[in-house]
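Report on one structure; see the data block that follows.
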Amino acid sequence: MTWIHTQLQLKPRPRGFHLVTDEILAQLPELKPLRVGLLHLFIQHTSASLTLNENADPTVREDFEGHFNRMVPENPSRYRHTDEGPDDMPAHIKSSLLDSALSIPIHNGRLALGTWQGIYLCEHRNDGGSRRLIATIHGEKT
Amino acid sequence: MTWIHTQLQLKPRPRGFHLVTDEILAQLPELKPLRVGLLHLFIQHTSASLTLNENADPTVREDFEGHFNRMVPENPSRYRHTDEGPDDMPAHIKSSLLDSALSIPIHNGRLALGTWQGIYLCEHRNDGGSRRLIATIHGEKT
Amino acid sequence: MTWIHTQLQLKPRPRGFHLVTDEILAQLPELKPLRVGLLHLFIQHTSASLTLNENADPTVREDFEGHFNRMVPENPSRYRHTDEGPDDMPAHIKSSLLDSALSIPIHNGRLALGTWQGIYLCEHRNDGGSRRLIATIHGEKT
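Listed below in structure tokens is the structure:
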């Protein structure tokens with residue numbers, strides 16, 4: 051049995067949906083020896099989130115940003131929590147609609163993602179800065 | 051400690067929300083010997099998803115389909131990613147609003163679901179075909 | 051390796067979003083000896099849910115309630131499943147949009163939450179009563 055915690059830091063990104071599979075995998079050489087297991091990714095913030103979605107066409111990520119802005123509009127008259135700017139309360143709501151964590155199977159040292167699945171960092175603030183993740187790797191070695 | 055990966059194949063279903071608890075359990079005899087553990091179900095697609103909800107009244111699943119179609123409308127003028135048809139981009143968004151994975155406690159060889167909880171396959175494409183899941187079972191035997 | 055299941059009971063709360071981190075931690079002394087691990091919280095209901103979000107300003111929770119009521123309106127003409135009252139079908143939808151489970155890393159005997167992260171019980175029924183959770187703790191002792 052292997053249990054590992056690692057802290058990952060994602061570089062700052064503008065508001066929007068960003069494909070970060072490669073940036074995350076580059077920081078997780080510990081996956082390699084595992085025959086079977088799970089990778090748990092956890093973002094320690096309440097205004098950015100993680101999801102899995104289409105990894106090929108960049109317009110998918112643009113359409114995500116457009117949809118979430120329509121579904122959770124920046125309309126200060128709707129909210130009481132407005133001190134940190136009009137993008138703040140919508141960012142909190144978007145991050146709970148998506149998720150603060152992902153669990154992905156590990157199979158023979160690699161993530162068992164489908165062909166079209168990639169990891170998105172969903173940055174909901176205009177200026178969110180670098181984001182911190184805790185990666186928990188657990189499983190069985192070969 | 052037990053760690054098992056199994057690949058499950060769900061039969062093709064029309065667009066909509068479908069109760070699949072029994073179809074999944076029939077493929078997981080490995081749950082039986084576990085005293086305590088977790089079942090992780092992971093769908094390897096970006097246009098179908100998994101969720102837990104009411105397992106008795108079929109109109110609940112119809113109301114889910116109606117609500118998600120209103121909340122994520124098939125309006126091509128809203129999206130740039132439209133090459134694969136008007137149901138494609140909404141399917142990506144719905145699958146991230148719901149989830150690509152579920153973790154359910156295993157207790158004395160059975161899933162510790164509440165009385166009214168069942169596993170839904172949420173098929174967001176008009177013609178999604180058979181869907182592939184990875185089941186990860188880990189826990190302790192009696 | 052440690053594997054523990056505990057059943058938690060949350061006291062009844064009115065409809066809305068409620069910070070329950072302390073109520074949950076008070077029932078989980080078993081976290082303390084773990085050096086590394088994961089806490090899995092699972093709600094055994096289909097009309098209440100769990101999420102992580104801002105733990106300081108109570109108006110954030112009020113804005114959540116307002117947003118979810120707009121996004122999933124209590125409009126009986128939209129739904130077929132209406133026998134249990136106008137708040138029932140929206141409660142099912144809200145609970146799948148948020149989530150029935152949370153996984154949080156355990157590090158040196160404590161939850162590795164970010165500074166601003168707290169656990170919300172999202173009570174979507176007008177009169178939901180006490181809610182039952184299964185906590186699964188697994189990890190490695192020091």
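For the protein sequence lines, the chains are A, B and C, in the order given.
Counting in the numbering used here, the first sequence runs from 51 upward without gaps.
Counting in the numbering used here, the second sequence runs from 51 upward without gaps.
Counting in the numbering used here, the third sequence runs from 51 upward without gaps.
The C-beta atom is built at its ideal place from N, Cα and C for all residues, glycine as well.
Only buried fits Asn103 (chain A), as 16 or more other CB atoms lie within 10 angstroms of its CB. Take the alpha-carbon of Ile184 (chain A) and the one of Thr56 (chain A): they are about 6 Å apart. Among the residues facing chain B, Glu104 (chain A) is included, as its CB has a counterpart in that chain under 8 Å away. Excluding the 5 residues flanking it on each side, Thr71 (chain A) has same chain C-beta neighbours closer than 6 Å at Gly168 and Ile169, in chain order.
Across the set C:Arg160, C:Glu73, C:Thr132 and C:Gly116, the C-alpha of C:Arg160 shows the shortest separation from the C-alpha of Leu89 (chain C). Residues of the region 143-165 of chain C that bring their beta carbon within less than 8 Å of a beta carbon in chain B comprise Ile143, Ser145, Ser146, Leu147, Asp149, Ser150, Ala151 and Ser153, in sequence order.
When the Cα atoms are used, Thr101 (chain A) and Thr132 (chain C) turn out to be separated by approximately 32 Å. Around Glu190 (chain C), the same chain offers Met51, Thr52, Leu84, Arg85, Val86 and Gly87 as residues with beta carbons nearer than 8 Å, after the five sequence neighbours per side are excluded.
Taking a C-beta distance under 8 Å as the contact criterion, Ala151 (chain A) and Phe92 (chain A) qualify as a contact pair. From the listed residues C:Leu81, C:Ala98 and C:Pro79, the smallest Cα separation to Arg63 (chain C) is found for C:Ala98. When CB distances to chain B are screened at a threshold of 7 Å, the residues of the region 92-116 of chain A falling below it are Thr101, Leu102, Asn103, Glu104, Asp107, Thr109, Val110, Glu112, Asp113, Phe114 and Gly116, in chain order. For Val70 (chain C), no CB of chain B lies under 8 Å from its own CB, so it is not counted at the interface with that chain. A Cβ of chain B is located within less than 8 Å of the beta carbon of Arg128 (chain C). At least 8 Å separates the beta-carbon of Thr96 (chain B) from that of His157 (chain B). The residue among C:Arg182, C:Pro79, C:Thr192 and C:His174 with its C-alpha nearest the C-alpha of Phe114 (chain C) is C:His174. Against chain A, a Cβ distance below 8 Å from Leu88 (chain C) picks out His90, Thr186 and His188. In the DSSP secondary-structure assignment, Val86 (chain C) is bridged to C:His157 and C:Glu190.
Counting along the chain, Ser146 (chain C) sits inside the alpha helix (DSSP H) bounded by residues Asp138 to Leu147. At a C-beta separation below 8 Å, Gln167 (chain A) has these neighbours in chain B: Gln94, His95, Thr96 and Ser150. If you check each beta-carbon in the region 54-68 of chain C against every beta-carbon of chain B, the ones closer than 8 Å belong to Ile54 and His55. Under the criterion of beta carbons closer than 8 Å, Gly116 (chain C) and Arg181 (chain A) do not qualify as touching, at roughly 27 Å.
Scanning the region 53-107 of chain B from its first residue to its last, the whole alpha helix (DSSP H) runs of 4-plus residues come out as 71-75.
For Met51 (chain C), the neighbours in chain A by C-beta distance under 9 Å run, in chain order, Met51 and Trp53.
Around Gln77 (chain C), the same chain offers Leu58 as residues with beta carbons nearer than 6 Å, after the five sequence neighbours per side are excluded.
DSSP places Glu134 (chain B) outside both helix and strand once states are collapsed to three, so it counts as coil. Within chain C, the residues Asp107, Thr109, Val110 and Asp113 have their CB atoms less than 7 Å from the CB of His131 (chain A), given in chain order. Taking the Cα of Pro126 (chain B) as reference, the smallest distance to any Cα among B:Pro136, B:Glu80 and B:Asn119 is reached at B:Pro136. DSSP places Glu124 (chain C) in the coil class of the three-state scheme, outside both helix and strand. Boundaries cannot be given for Tyr129 (chain C), as no beta strand (DSSP E) includes it and DSSP labels it neither H nor E.
Taking 8 Å as the CB threshold, Met121 (chain C) lines the interface with chain A. Residue burial is scored here from C-beta neighbours: Arg111 (chain C) has at least 16 other C-beta atoms within 10 angstroms and is therefore classed as buried. The continuous beta strand (DSSP E) containing Gly168 (chain C) extends over residues Gln167 to Glu173.
One Cα belongs to Lys82 (chain A), the other to Thr186 (chain A), and the distance between them is close to 14 Å.
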